[in-house]
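See structure below.
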Amino acid sequence: MSGGYENRSNKDATITNTVGKGEFDPHPGTGHPMDTAEAFLVGDSMTGGYGKGPDILHDCTLSVNPGEIAVIVGPNGAGKSTAMKAVFGMLDLRQGSVRLDGEDITNLSPQDRVVRGMGFVPQNNNIFTSLTVEENLEMGAFIRRDDFRETLAQIYDLFPILKDKRRQAAGELSGGQRQQVAVGRALMTQPKVLMLDEPTAGVSPIVMDELFDRIIEVSRTGIPILMVEQNARQALEIADRGYVLVQGANAYTGTGKQLLADPDVRKSFLGG
Amino acid sequence: MDFLNAIVALSNFVLIPAIAYGSQLALGALGVTLIYGILRFSNFAHGDTMAFGSMVTVLVTWWFQSMGISFGPLPTALLALPFGILGCMALVLITDRAVYRFYREQKAKPVILVIVSMGVMFILNGVVRFIIGPDDQRFADGERFIISARDFKEMTGLSEGLAIKTTQGITVVVAVVAVVLLFWFLNRTRTGKSMRAYSDNEDLALLSGINPERVVMYTWLIVAALATVAGTLYGLDKSFKPFVYFQLLLPIFAAAIVGGLGSPLGAIAGGFVIAFSEVTITYAWKKVLVYLLPDALEPSGLVQLLSTDYKFAVSFVILLIVLLFRPTGLFRGKSV
Amino acid sequence: ADDIKMGVAAAFTGPLESLAPPIARGAELAIEEANASGLLLGGITVSPVRADTTCIDSAAATAAVERLVTGDKVVGVMGPMCSGATTAVLQNVAVPNGIVMISPSATSPALTDIEDNGLFFRTAPSDARQGAVMAQIILDHGIKSVAVTYTNNDYGKGLSSAFETSYKAAGGTVTLTSAHEDGKADYSAEVGALASAGGDALVVVGYVDQGGSGMVQSALDSGAFDTFVFPDGMVGSALVERFGSDIDGSFGQNPAAAGEGRGLFNDMATKAGFDGTSAFAGEAYDGAALMLLAMQAAGSSDPSVYKTKIMDVANAPGEMILPGEIGKALQILADGGEVDYVGAAAVEFIEPGESAGTYREITIEGGEIKVVGYR
Amino acid sequence: MIAVENLHKHFGGFHAVDGASLEIAEGSITGLIGPNGAGKTTLFNVIAGVLPPTSGRVTMAGEDITGLPPHQLFHKGLLRTFQIAHEFGSMSCRENLMMVPAAQSGETLWNTWFGRKRIAEEERALRAKADEVLEFLTIEHLADQQAGQISGGQKKLLELGRTMMVDAKIVFLDEVGAGVNRTLLNTIGDAIIRLNKERGYTFVVIEHDMDFIGRLCDPVICMAEGKVLAKGSLDEIKANEHVIEAYLGTGLKNKDKIDA
Amino acid sequence: MSTTLKNTLLFALVGALILLTGVMQSWNSALLILNMGLISAIMAIGVNLQWGFAGLFNVGVMGFVALGGLAVVLVSEPPVTEAWAAGGMRIVLGLLLGAATVVAAVLVNTRMPAGRLRVAVMIAVLIGGFFLYRGVFDPGVDAVEQVNAAASGFLGGLGLPVLLAWPAGGLLAAGAAWLIGKTALGLRSDYLAIATLGIAEIIIAVMKNEDWLARGVKNVVGLPRPLPFEIDLQNDPGFVERAVSLGIDPVTASTLYVKLGYSVLFLVVLLVLLWMAQMALKSPWGRMMRAIRDNEVAAEAMGKDVTRRHLHVFVLGSAICGIAGAMMTTLDGQLTPGSYQPLRFTFLVWVMVIVGGSGNNLGAVLGGFLIWLLWVQVEPIGLFLMQVMTSGLAEDSALRAHMLDSAAHMRLFTMGLILLLVLRFSPRGLIPEK
Ligand SMILES: Nc1ncnc2c1ncn2[C@@H]1O[C@H](COP(=O)(O)OP(=O)(O)OP(=O)(O)O)[C@@H](O)[C@H]1O
Ligand SMILES: Nc1ncnc2c1ncn2[C@@H]1O[C@H](COP(=O)(O)OP(=O)(O)OP(=O)(O)O)[C@@H](O)[C@H]1O
Ligand SMILES: CC(C)C[C@H](N)C(=O)O
Ligand SMILES: [Mg+2]
Ligand SMILES: [Mg+2]
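Residue numbers (our numbering), protein chains in the order written: chain X, 1 to 272; chain S, 273 to 608; chain H, 609 to 983; chain R, 984 to 1243; chain E, 1244 to 1677.
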């Protein structure tokens, strides 16, 4: 649609790291607040930016443990999405490391991380527009060799609208429906750790509640969840850990409750 | 009787050639459409890839023929085809490694890839001519006709002949089989779906655990097979001449586009649209009408809508009209 | 010895790329022969320089020949092949620089009257004449109605319309004249229309390794015609190699004269490792030979000097010179004698410097080309 | 201001907008809510001329504007934002804004050759205006950044910023808030109210954030399945059973997690 | 390295290559390359305007170039009075009838209420009009083509100075582009590409087959020139004297003089067009076009009339190609419709734009020069490569003979190789869009 031949959505040259090359040797944890060193998934002291551009992340640390929900909030352009991409290996880190279950995965390519059990819903371009809804979900299960029909049924339960639209090209869906497909795709992976970048943007209140419910359920099964949210108050309510990022660096860290209770945080980042 | 004669004349000069030519275009267009659909660029080197694959087939065929190997009534070239396909696969994989991969990693715009593929086209052009020369090469053997015009006349006692060539038969069958297989592969198999997913959104495919390099490799392998089959069948039917494979590119692209880029069914439909519009619009209906009409009404002229000088022009006009009504082709193709 | 250079310009790439190598080799054969004799202008050697004139891209052709003339400083150009490129090169390079140019194959009638300052010659006759000859041959076969297909360029158009005029004037009927484009993928439409129009034979004014053969193939396959008439562009070994006895009974003509010139040349070519029967290879040999002989006659390799001698060496009086006798001719000229160059294509120049055109009539029998006579 | 009469928009057999009729009062800030897929965006697209309606009529100040192309509607003072940001990716953020105003003399080729002085003056003013908007949106530091390379929320801000470059009569905002930081969103809300009060712009706002709707909008229209389900003040709407069932829901089931 | 410096160096490099041609081959060759380079650069500007500025994938460049060429014949050839007498008026009348038929059909389509009646009337108008048109037109064509078929057989032109043909070529191409744009510009990307490609083929088909217009494949040769003929210069004692006094051989002097004359003319055109394109690109107009290219839907929503703007650029870019086409035909001195091939006249121009750097006028110009230079020089380069490669082989080895025989095919091979190398080192073009 846009720009004719030139414009292929999602062709941002700077963000994909197909081969998983890191430029620096990872170095171990630097003892940020909370027990990052032992956490299940850690993005440790990450510094980096897009392509050859300036650093966006400055010594930023994120972590999450099994059964926990970690929520990242912050102003627009703070680097939340960038941090997520960095954890997923879609960005060359200039410093810092990413560890999964004690293992250093800084140099793994994104698709290898998927194989290791990481699932990710990016903020933009998070569906296959020309594939049908069902095919989108199937692609989520691409690395699974087992029968995924049950998971599929669960997803349809969670988002009934998708079942009606299963044969429709995902690009023809409404904004909120697309978002549901995106989350559904990631859930299909049955990941060991789930990363969500603004999963609730554009979804209606009723679906948002369902979604949060589902996220809580998932985390109860022991799967760590790392998510970025602008619906910060709801999100922090269910969060075990909360991170406030400002200009690519950790500004506040604490449990969800602590952050919600902090008047500075409320005023500056949660809309009062 | 006259009615039969009319039908036979029409079939012999219009329907059969158009169906055969349409299938030839369709086979070529399948390769183009696949590259477009999955790797997202118009591959100008496709014609020369076809020439290369067929060249290998031709060379192997000659070798077989010199060894006295034959394939009964069918052309020996069919036996040599697998070797041609292998040769062509090797070629495209090497080109991909050496050339295209770099631009993929750069996330270059499609138009850059188009121009790059022109570079590849020039190189292949030289390579093919270097190996086999620019001349016409004959490698067809076996039974030339399923039924020849003369036999047909003798058999039926009609005054019009009907000729069906072996190669025409094979081409049509192969084209149908190829499109069915491809359609099934892309829409039903895991690998096929992952190829479509990759073409849709590379980064997200990565996040789903799809290995892009593998998708690309499969695509090239299929394309190589299609190109070689298309090129060889065309060569068998007409003759092998490197220059013509370049010229084929234009109708092939037209077929792929009018059918809807990225759609295998569209490639077939497009092939037939182009072939039929080339063959029918400029046909002189005199022969058919002479049989059908009473003597008194017999046409004095040729009853030709347009002279054959304009056959390409006409087929492009038809293409334009189709596109004006279906801006992304008959089968709603992609448009990057 | 002083080295001079001669340009050999042919369409090595492009639609006629398969005709070009034998043409270039033909010219080079003549040059080699002259060099081997050691008699040219007191023993200088000539080296050929090739240039690609592409047939279809006159700008590239001009640039290539410009390089030959102003860069390599050739003293004459054998070529280019196609009438279009020839005209461009003649006007933009040869005439401005005063270089002699002999084309072996540009046959467009328009070249007859072109402004050339006496620099342009061709060893192939103008199509105007061939049209008349072909009409006569067809009528002599008792065929009163034909369909015509021509390759859509100046050669095809020129020859077919010359033919049509003569044929109609002599009482024949042309049911349909239809152009075909060279190098295309499919000719069913043309054949369909021609078959519908009917006619006792199909006149194929085309090139044997181009659309011409495609047309014949398509017509044979569908049983539309089984008698064909072949003018020069079609008469070549490739024709019978490809169609064998399928086209028995067809006939045609190409420029060549009585005598053993053509045969001698073919043998020489075979020895040199190329196909002498390929269209215009002999003419190319003749073109190069004429230029060399003219230099010898003029005692100079300056084009402005030897250009006037080309007509002299090509025509009587003088001793007849056949292919392979360039050495002998050089000797005669060196001794102050006169020669009448005959060569492979029975060269006989008429004003303003093109082959008069003797044609041999051929038929196809048992899958071979048989010479029936000359006109 | 805008009246929609019995509007239908069908995609194949699917009725995305299915006989919706509504009116937007001049000078109001109307909220448009409804479940995902209710047809809100489609309704916007039809009103704004991006999609042709299957049937029905749209009028603006009494004038029939059904099916007018978007650029003509723009000139009539109808502006809109896109739910999925439509930035001009290869242009800088400032250029994204500067391109908006209509009737720039520099958009005529002739002037680019022979009226360069005038263009230069206009450009200076435009630039100042664009920088002001960027500053308001807190993205002044991105002025020279390519719009394709900014964060998701920043793109939404830019989307909004474009509507602030010119004087409008009516502005359609399609989920400008999604992905935008809540603190900033409050500021944006204030600006919308100010524009409405001071300049009399009419706004139609699609949003799923009820706080935001609550602060700005009166009345609120709730759509579902292509039809208008309810219309009224937010409190009325919130009390409407159908709306609760279809749209608002009753909160988290896993309350325990929060309470724990 | 600053971009200005880099760009200057790149231009200097191409300039040096042309100079090198002058030194190694001849100044005539160098000037010829320069002249065609200038024309190519103009074509590249035209394509860049459409693609680089507006994202229109026009692959019909060849058609517009050919129309420019046609304009040269129509403007500068003297009219053939016999032909006009024989059937000129009939042809004009026939064409008018044809146009009237189309107009009538359009009127029927717009004025009559939809329904079966409209379709019927429409078909009646079209069929009736077609036969009427053929009835009037065909005899005229026959008559005109009979007039001295071998040497003339066409209507001739207006007999005006040939320089007028350049703007006329632009106008002719613009007119065609307007018609095409009205119908086809709704198509996107590759679909537009194949449509324009097809239209270009149609234009060529008409030029090849309508002999009454410009002799079709029989070609028009010996077109008038804006500069004196070399021969005349060589026969002009004044000129010879000056040449001799400068120490140049008069023949060389005359050829160089004429080529330089063309260079100056072409350079003026190029500079004017380049300046205009640069000004447009750097202004709000350019910004608007880039916005449209980036995102048509959003541009439309921001009040830009995308369809109209597309039509404008399409017409402008095509007009520039038409001007270049007219210039090229003038330089060639002949119109040969058979020689218009998409590879040479469309795709090569695209290579120029992309290798130079699309979206950047300077890039397009650089690409025009560089690619043309290569197109001409790959032949000797290829030959040279072959000689180097075979130098190690035994004099009588079959492989060596084969390789040398195939040297001509190294031309395209080398072209491809260099193309890939250049794009490897600057994948976005030599002078990319900023
Ligand atoms: N091009 C299309 N083809 C088919 N169906 C479509 C198309 N566009 C939208 N739809 C369908 O129309 C319905 C309405 O979509 P719309 O985008 O208007 O919803 P919405 O109310 O804006 O929802 P959301 O709050 O999620 O943005 C959806 O069910 C969607 O799937
Ligand atoms: N592809 C890119 N190339 C270069 N810079 C980028 C790119 N994407 C984002 N940036 C810059 O990086 C910074 C952080 O962006 P990021 O997307 O991480 O923000 P975010 O915190 O996710 O914001 P939001 O809440 O708006 O999504 C921003 O200043 C943005 O301009
Ligand atoms: C056969 C050819 C090489 C050329 C042809 N006779 C011409 O004049 O163009
Ligand atoms: Mg983000
Ligand atoms: Mg919506």
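The beta carbon of each residue, even a glycine, is placed where N, CA and C say it ideally should be. Just so it is clear, the structure is predicted and the values come from calculations on it, not from any experiment.
Neighbour list for residue i in chain S, Cβ cutoff strictly below 8 angstroms
i, result
"residue 1352 of chain E", "Per Cβ cutoff of 8 angstroms: no residues; residue 1352 of chain E is ~14 angstroms from chain S at best."
"residue 1452 of chain E", "579, 581 and 582"
Of the residues the options, the one placed nearest residue i, counting alpha carbons only
i, options, result
"residue 321 of chain S", "S:536, S:518 and S:574", "S:518"
"residue 615 of chain H", "H:642, H:719, H:940 and H:709", "H:709"
"residue 979 of chain H", "H:706, H:697, H:859 and H:902", "H:859"
"residue 1571 of chain E", "E:1603, E:1329 and E:1316", "E:1316"
"residue 1299 of chain E", "E:1647, E:1474, E:1429 and E:1462", "E:1429"
Residue i: first and last residue of the uninterrupted alpha helix (DSSP H) it sits in
i, result
"residue 894 of chain H", "889-906"
"residue 1178 of chain R", "No alpha helix (DSSP H) holds residue 1178 of chain R; DSSP gives it neither H nor E."
"residue 991 of chain R", "Here residue 991 of chain R belongs to no alpha helix (DSSP H); instead the beta strand (DSSP E) covers 985-994."
"residue 1600 of chain E", "From DSSP, residue 1600 of chain E is part of no alpha helix (DSSP H); its letter is neither H nor E."
Contacts of residue i in chain E (Cβ-Cβ under 9 angstroms)
i, result
"residue 314 of chain S", "1433 and 1436"
Within chain S, partners of residue i - CB distance below 7 angstroms
i, result
"residue 1397 of chain E", "Chain S residues near residue 1397 of chain E: none, gap ~16 angstroms exceeds 7 angstroms."
Where residue i meets chain H, residues with beta-carbon distance less than 8 angstroms
i, result
"residue 1473 of chain E", "703, 704 and 705"
"residue 1497 of chain E", "704"
Any C-beta of chain H under 9 angstroms from that of residue i
i, result
"residue 305 of chain S", "no"
"residue 1568 of chain E", "no"
Cβ of residue i within 9 angstroms of any chain E Cβ
i, result
"residue 765 of chain H", "yes"
"residue 397 of chain S", "yes"
Within chain H, the residues that residue i reaches when beta carbons sit closer than 9 angstroms
i, result
"residue 1325 of chain E", "Those within 9 angstroms of residue 1325 of chain E in chain H number zero; the least Cβ separation is about 17 angstroms."
Contact set between residue i and chain R, taken where Cβ atoms lie within less than 7 angstroms
i, result
"residue 1606 of chain E", "Per Cβ cutoff of 7 angstroms: no residues; residue 1606 of chain E is ~15 angstroms from chain R at best."
"residue 1425 of chain E", "Per Cβ cutoff of 7 angstroms: no residues; residue 1425 of chain E is ~16 angstroms from chain R at best."
Residue range of the beta strand (DSSP E) that includes residue i
i, result
"residue 1132 of chain R", "First-last for residue 1132 of chain R: undefined, no H or E at that position."
"residue 786 of chain H", "781-788"
"residue 250 of chain X", "249-254"
Chain X within 9 angstroms of residue i, Cβ atoms only
i, result
"residue 1236 of chain R", "yes"
"residue 1122 of chain R", "yes"
Beta carbon proximity, residue i to chain S, threshold 9 angstroms
i, result
"residue 845 of chain H", "no"
"residue 130 of chain X", "yes"
"residue 792 of chain H", "yes"
CB contact check: residue i to chain R, cutoff 9 angstroms
i, result
"residue 243 of chain X", "no"
Residue i: contacting residues in chain H (beta-carbon distance under 7 angstroms)
i, result
"residue 1654 of chain E", "621 and 660"
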